[in-house]
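Numbering of the sequence shown is given in our numbering, commencing with residue 214 and proceeding in unit increments. Backbone N, C-alpha and C fix where the C-beta goes; we use that ideal spot for every residue, glycine too.
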Amino acid sequence: MRVLGIEGTAWCASAALYDAETDAVLIESDPYEPDSGGIHPREAAEHMSEAIPEVVDDVLTAAEAEYGPNAVDAVAFSRGPGLGPCLRIVGTAARALAGTLSVPLVGVNHMVAHLEIGRHRSGFDNPVCLNASGANAHLLGYHDGRYRVLGETMDAGVGNALDKFTRHVGWSHPGGPKVEAAAAEFAAAAGGRGDGSRDGDGDGSRVGDGDEDRSRDGDGDESRVGDGDGNGNSGSVAAADLLDLPYVVKGMDFSFSGISSAANDAADDGVPVEEICFSLQEHVFAMLTEVSERALSLTGADELVLGGGVAQNDRLREMLAAMCEARGAEFHAPEPRFLRDNAGMIAVLGAKMAASGDTIPIAESRVDPDFRPDQVPVTWRSGESVARERGGSEPDGAERDPEADRRGAEATVTVTGTGDERRVIKRRVEKAYRHPELDRTLRRDRTVAEARLTSEARRAGVPTPLVYDVDLSDATLTLGYVGERDLAAALDERPIEAVGRYLARLHGAGIVHGDPTTRNVRVSPGGEKVGRSVGGPEATPETYLIDFGLGYHTGHVEDHAMDLHVFEGSIRATATDPEPLIAAFEAGYDAAGDGEVLDRLRDVADRGRYR
Ligand SMILES: C[C@@H](O)[C@H](NC(=O)OP(=O)(O)OC[C@H]1O[C@@H](n2cnc3c(N)ncnc32)[C@H](O)[C@@H]1O)C(=O)O
Ligand SMILES: Nc1ncnc2c1ncn2[C@@H]1O[C@H](COP(=O)(O)OP(=O)(O)OP(=O)(O)O)[C@@H](O)[C@H]1O
Ligand SMILES: [Fe+2]
Numbered sequence: 214m215r216v217l218g219i220e221g222t223a224w225c226a227s228a229a230l231y232d233a234e235t236d237a238v239l240i241e242s243d244p245y246e247p248d249s250g251g252i253h254p255r256e257a258a259e260h261m262s263e264a265i266p267e268v269v270d271d272v273l274t275a276a277e278a279e280y281g282p283n284a285v286d287a288v289a290f291s292r293g294p295g296l297g298p299c300l301r302i303v304g305t306a307a308r309a310l311a312g313t314l315s316v317p318l319v320g321v322n323h324m325v326a327h328l329e330i331g332r333h334r335s336g337f338d339n340p341v342c343l344n345a346s347g348a349n350a351h352l353l354g355y356h357d358g359r360y361r362v363l364g365e366t367m368d369a370g371v372g373n374a375l376d377k378f379t380r381h382v383g384w385s386h387p388g389g390p391k392v393e394a395a396a397a398e399f400a401a402a403a404g405g406r407g408d409g410s411r412d413g414d415g416d417g418s419r420v421g422d423g424d425e426d427r428s429r430d431g432d433g434d435e436s437r438v439g440d441g442d443g444n445g446n447s448g449s450v451a452a453a454d455l456l457d458l459p460y461v462v463k464g465m466d467f468s469f470s471g472i473s474s475a476a477n478d479a480a481d482d483g484v485p486v487e488e489i490c491f492s493l494q495e496h497v498f499a500m501l502t503e504v505s506e507r508a509l510s511l512t513g514a515d516e517l518v519l520g521g522g523v524a525q526n527d528r529l530r531e532m533l534a535a536m537c538e539a540r541g542a543e544f545h546a547p548e549p550r551f552l553r554d555n556a557g558m559i560a561v562l563g564a565k566m567a568a569s570g571d572t573i574p575i576a577e578s579r580v581d582p583d584f585r586p587d588q589v590p591v592t593w594r595s596g597e598s599v600a601r602e603r604g605g606s607e608p609d610g611a612e613r614d615p616e617a618d619r620r621g622a623e624a625t626v627t628v629t630g631t632g633d634e635r636r637v638i639k640r641r642v643e644k645a646y647r648h649p650e651l652d653r654t655l656r657r658d659r660t661v662a663e664a665r666l667t668s669e670a671r672r673a674g675v676p677t678p679l680v681y682d683v684d685l686s687d688a689t690l691t692l693g694y695v696g697e698r699d700l701a702a703a704l705d706e707r708p709i710e711a712v713g714r715y716l717a718r719l720h721g722a723g724i725v726h727g728d729p730t731t732r733n734v735r736v737s738p739g740g741e742k743v744g745r746s747v748g749g750p751e752a753t754p755e756t757y758l759i760d761f762g763l764g765y766h767t768g769h770v771e772d773h774a775m776d777l778h779v780f781e782g783s784i785r786a787t788a789t790d791p792e793p794l795i796a797a798f799e800a801g802y803d804a805a806g807d808g809e810v811l812d813r814l815r816d817v818a819d820r821g822r823y824r
C-alpha cells in the first residue's frame, strides 16, 4: 500500500508518500516563518493555502514518475489538533484529492502520529511516548484500545514555553533551536569542551527527503544519543552554573507558566541570555524526563519513544537516554525529519489505519482543532494479543516477595526486619541525567518535605507510616512498613473512597500530597476501618498514604483540586473501567471535604486539554 499524507496543523505545510512495502518515506515540506513574533493564525492559513497545493503536487509528481498513474492507494490528513483555519485548508485539499484519485480518505490525529512514528521506527511493542512539541507536552500509554494521557502540561506546550522566552528577548520564531544553541555555548564556555557547533538550523527550509538527513548533525542517528561521559551529563553541563528557576511537577503533570515568567524576569534583570537558556533547558527537560520516568514506573513499561519538534533538542534526548539506560529501559527518538511536524508521520499512520479499514466518509471528515489523542480508537493495534498489554502496574502483587527491594521512579526502597519491626529504608538516588545542583536540591528538599508531611498528615488523621530516621546527607528516610500492597496492584472502590476522605482531611489541614497516585497508596485488605486515632498496634488501617516528597502547605483551592486531578489521572491511566472508581473517590472527598475543590477539579481537568 502507498499512502499520500498531508500535514498543515500550524506552521509546516507538508506532503509525503509512504510505501508500506519498502518502508520508504518521501517528504516535501514548506515551513511558514513569521517575520516577527510567534505564529499568526491568519498568516499561517495563508501560507497553507499557497504551499499545500505545491508540496502535494511535488510529491504526486514524484510518486507517479516512480509508480505510474495508480501510485496512491489512500489519502491521509491531519484532522487535529491544530489551528482551525490551517486545518480546514488541509481538510479541503485532502477531500478533493481523495475524490480526484478515487481512493479512501484517512483522518489522522496529529499527536498520535507523533507517537506512532516513533513506535514504527523503533519496532518497540508497547512503549510509553513523550510528545514534546510546540503546542503540546504529554505522556501517552496504550491501554485497552486507546492511548491514555498519563500526564500533561497544565498550561503551555513545551516548545511554546521556550518560544515565549525567545520572543521576550526579541529572537525570531521558532525559538527552540536558538535556546539550544545558546545553552550549548554557555555550557561549552563553562566546561571547556562541549558542542557549541549546533547552529540552530532547526526547522529547516524547503527540503526533500535525503537532503534533510545531512542538514543537521546527528540527524542520521535514530537510536541512542547522549554524547556525554556515559552518565548522561556531559562534563560541560555539570560544570556550568545553574540559575534557580521554578520546577513544577505534580504526579505526572507539570507546569511551565512559572518558569516562563521567571526566565523573562531574569532577562529583564540583566542576567545573560545564554545563562538563562541553559538553566531553562536544564529545568524544563529535567521535568519532562522525571515525568517520563514516573510513567515508565507506573505502567511497568520498559520502552520509551520521543516525538514532537522539541525532540530535536540534543540535550533533551541525552537526558531521556540516560534516564532509560539507568533503569534498563529502551529509548528511541526518530530522526529529526520525523520529529518536527511533517507529513511522513501522517502517511505512515494513515497506512496502518487504512490497512485496518479505518477510513472515513467525506461527510464525516470534519477537522477538529481540539482533537485529543485519547479520543482515537486505536484500530490498527487490535490484532495484538492481550498478553502484550500491561494492565497497569503490578509492582507489589501478592505473589511477589514482600522483602524484595523495589524501585520507584525516584527512590530505591529496601525492607528490613519482621513483624512490627519491619522498616522501609527509602533512598532518593542520584539522577545522572539532571544537573548535579538541581539533583542535590530536589533530593534534599523532597526528603525534608516527606519526613515533615508524613508526620503532619498522621497528626491530621491520615494513616501514614511512622518516620524513624532522616539522613539528609544521603537523602534517606527510615519509615514504618505499612499495608500489604500498592493500591495500583488491585484497584478497588473501598480503599479509593478512603483516599478521597484522607485527601479531604489533608487539605483541611492545609497540606497537599503533590503526588497522590495509586502507587502511593498502600492497602491491607481486611484491615479495620479506623478514625482519627491511628498508628497504635491494635489499630490497623486499611488504607495508607505514602510518599509525601512533592507535598507542601497551601490553602489554595486550586492546589487541592490539582491533587484530585492527579489521583484521578492515575486511575484513568490504568483502570479498564475508571468511572465507578472515580465516583467512589469523589464521594469520599465530598463526604469529608470542601465542595468548592470538587467544582474546581472540573476546571482543572478542562484546562489540561489542548487549546
Ligand atoms: C498541533 C501541532 O500543530 C503542533 N506542532 C508543533 O508544535 O510543531 P513541532 O514541529 O512539533 O514543534 C515545534 C516546536 O519545536 C521547537 N523546536 C524546534 N527545534 C528545537 C530544538 N532544537 N530545541 C528545542 N525546541 C525546538 C520550536 O521552537 C517549536 O516550538 C504540536 O505538535 O503540538
Ligand atoms: N512505608 C512503606 N511501607 C510499605 N511499602 C512501602 C513504603 N514506602 C514505600 N513502599 C513501597 O515502595 C514503593 C516505592 O516507594 P515510594 O513511592 O515512596 O518511592 P518513589 O520512588 O517516590 O516512587 P514513585 O515516584 O514511583 O511514586 C511503593 O510503591 C511501595 O510499594
Ligand atoms: Fe506537532
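- Around F290, the same chain offers I219, V303 and A307 as residues with beta carbons nearer than 6 Å, after the five sequence neighbours per side are excluded.
- Sequence-distant partners of R507 (beyond 5 residues in either direction) whose C-beta falls short of 6 Å from its own C-beta, in its chain, are M465 and A622.
- Sequence-distant Cβ neighbours of E710 in its own chain, meaning closer than 8 Å and more than five residues away, are A797, F798, A800 and G801.
- Per DSSP, I472 is one residue of the alpha helix (DSSP H) stretching across S470 to D481.
- Here N733 carries a helix assignment [DSSP, helix/strand/coil].
- Minimum Cα-Cα distance from A226 among the listed residues D236, E267, M214 and P247 corresponds to E267.
- Put simply, of L692, A374, R635 and L794 the residue whose alpha carbon is nearest the alpha carbon of L700 is L794.
- Across the structure, K639 and A662 are spaced so that their CA atoms are roughly 14 Å apart.
- Assignment of beta strand (DSSP E) within the stretch 524-578, counting only whole runs of 3 or more residues, yields 543-545 in chain order.
- In the structure shown, T691 adopts extended strand secondary structure according to DSSP, grouped into three states.
- By the criterion of at least three beta-carbon pairs nearer than 8 Å, the stretch 518-534 is in contact with the stretch 387-399.
- Sequence-distant partners of A804 (beyond 5 residues in either direction) whose C-beta falls short of 8 Å from its own C-beta, in its chain, are G713, R714 and A717.
- Distances between the C-beta of I784 and the heavy atoms of ligand 2 are all 7 Å or more.
- Positions of the beta strand (DSSP E) runs, each at least 3 residues long and wholly inside the stretch 303-369, are given as 318-322, 341-345, 350-356 and 359-365 in order along the chain.
- Looking at the DSSP output, I252 shares a beta bridge with no other residue.
- Put simply, the stretch 575-583 does not touch the stretch 243-258. Fewer than three CB pairs are less than 8 Å apart.
- Distance from the C-beta of M532 to the nearest heavy atom of ligand 1 is not below 7 Å.
- If you draw a straight line from the Cα of A369 to the Cα of V561, it is about 28 Å long.
- Of the candidates T572, G541, F584 and K565, the residue whose Cα lies closest to the Cα of R594 is K565.
- Here S783 carries a helix assignment [DSSP, helix/strand/coil].
- Closest in alpha carbon position to D338, among V238, E543 and A670, is E543.
- Secondary structure at H381: helix, using DSSP grouped into helix, strand and coil.
- Annotation for I638: no alpha helix (DSSP H) segment contains it, though the beta strand (DSSP E) segment containing it runs R636 to R641.
- By the Cβ neighbour-count rule, L685 is exposed, with fewer than 16 other Cβ atoms within 10 Å of its own.
- Here L690 is not near A673, since their CB atoms are 8 Å or more apart.
- Taking the Cβ of G557 as the reference point, every heavy atom of ligand 3 lies at 7 Å or farther away.
- Sorting L296, E538 and D776 by C-alpha distance to the C-alpha of H253 places L296 at the top.
- For the pair E755 and V695, the Cα-to-Cα distance works out to about 10 Å.
- Annotation: E643 to F761 spans about 18 Å, alpha carbon to alpha carbon.
- Annotation: the continuous alpha helix (DSSP H) that includes Y715 extends over E706 to G721.
- No Cβ-Cβ contact shorter than 8 Å links A688 with T677.
- Within the same chain, Cβ atoms closer than 7 Å to the Cβ of N373 are found at G347 and A348, the five residues on either side in sequence being excluded.
- Distance between S473 and F498, taken at the CA atoms: about 13 Å.
- Residue state for T767 is assigned as coil, using DSSP reduced to three classes.
- The C-alpha of R530 is placed about 34 Å away from the C-alpha of H766.
- Distances from the CA of G513 to each of V736, P317, N344 and H356 were compared; the closest alpha carbon is that of H356.
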